[in-house]
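Written out below as structure tokens is the structure these notes cover.
Residue numbers (our numbering): 5 to 320.
Laid out in structure tokens, this is it:
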């Protein structure tokens, strides 16, 4: 049940990592770069930034428009299809950097909406672990994209970058087909008045009958949270830093986590590691170094699987 939404994390990570190697592949540079004074093709820093950052820009816009209206399953179905279209545009481009960036943007719209169902369908006891597992899937996706870049970078034609980029078509189709086997989010079902369906999903997720006390307890808990959300009215940004219920601490914890994530510099080597290591000298194979760093990231993420429940209890 959790493999398919987690596969969305793999897709997101793969699309982040795969572009790093493409940026230094000769055929990619020849097609989407510019000529310098000596008649050699190069990718300017501005073009590199546009190619890499549009994925994030697209992902930041996507989720809110469809999750409540179409449900979590419907939203994943829609954005899986959008992602697949974006990858097809990228793979099919020839010499147009505009087409390439449009494809990156559309793919970003897709992957940006694909994580919503994991925390809402996971059993409460496993919710923290499932969120960490989603992050692990992102790291694994990045790692495997580096491996594929290493395997194809020596090809002299466009297959060097079309193969690793185009592989996402297959992955997107797998995710798209798998959505039909997933349940809808219980929270969404309760929020739209479909209580019987919600009870069935909650019972199935927890492995108990629909008339079990645990189902009653979880339904009541979700109902209460939905009512509180609906009755709470509009909130201001200032309330995020209110002393009421220690909201400022929770906001600070969330901000600090994201701050530390950016401060450690991992996003730099995810996107530009190959370019950086290539400029460091010919003795260093940037593709090999990226594979090594990707493997270290995977190993470093695994220990977090054993501690998320403790962390979330403390942060509460």
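Built from N, CA and C at the ideal position, the CB exists for glycine as well.
None of these values were measured; they are calculated from a predicted model.
- With a cut-off of 8 Å on Cβ pairs, the stretch 12-29 is in contact with the stretch 290-310, counting three or more such pairs.
- Residue pairing by DSSP places residue 38 opposite 46 in a beta bridge.
- Residue 223 is not a Cβ neighbour of residue 210, given a cutoff of 9 Å.
- For the pair residue 56 and residue 89, the CB atoms are not nearer than the 9 Å cut-off.
- Excluding five sequence positions before and after residue 180, the CB atoms of its chain that fall closer than 8 Å to its own CB belong to 81, 84, 85 and 88, given in chain order.
- In this structure, the beta-carbon distance from residue 143 to residue 17 falls below 9 Å.
- Taken atom to atom, the span from the alpha-carbon of residue 177 to that of residue 170 is near 12 Å.
- Taken in chain order, the complete alpha helix (DSSP H) segments of 4 or more residues contained in the stretch 128-172 are 131-156.
- Just so you know, the alpha carbons of residue 216 and residue 203 end up roughly 10 Å apart.
- Using a 10 angstroms sphere on the CB of residue 246, the tally of other CB atoms stays under 16, which defines it as exposed.
- The C-alpha of residue 111 lies about 6 Å from the C-alpha of residue 91.
- Separation of residue 253 and residue 234 (C-alpha to C-alpha, rounded to the nearest whole angstrom) is 24 Å.
- Just so you know, the alpha carbons of residue 168 and residue 149 end up roughly 7 Å apart.
- For residue 270, the closest of 14, 13, 12 and 21 by C-alpha to C-alpha distance is 21.
- Ranked by Cα distance from residue 230, the options 275, 201 and 193 are led by 193.
- In terms of Cβ geometry, residue 140 and residue 302 form a close pair [threshold 9 Å].
- If you ignore the 5 residues before and after residue 93, its C-beta comes within less than 7 Å of the C-beta of 103, 106, 107 and 110, all in its own chain and listed in chain order.
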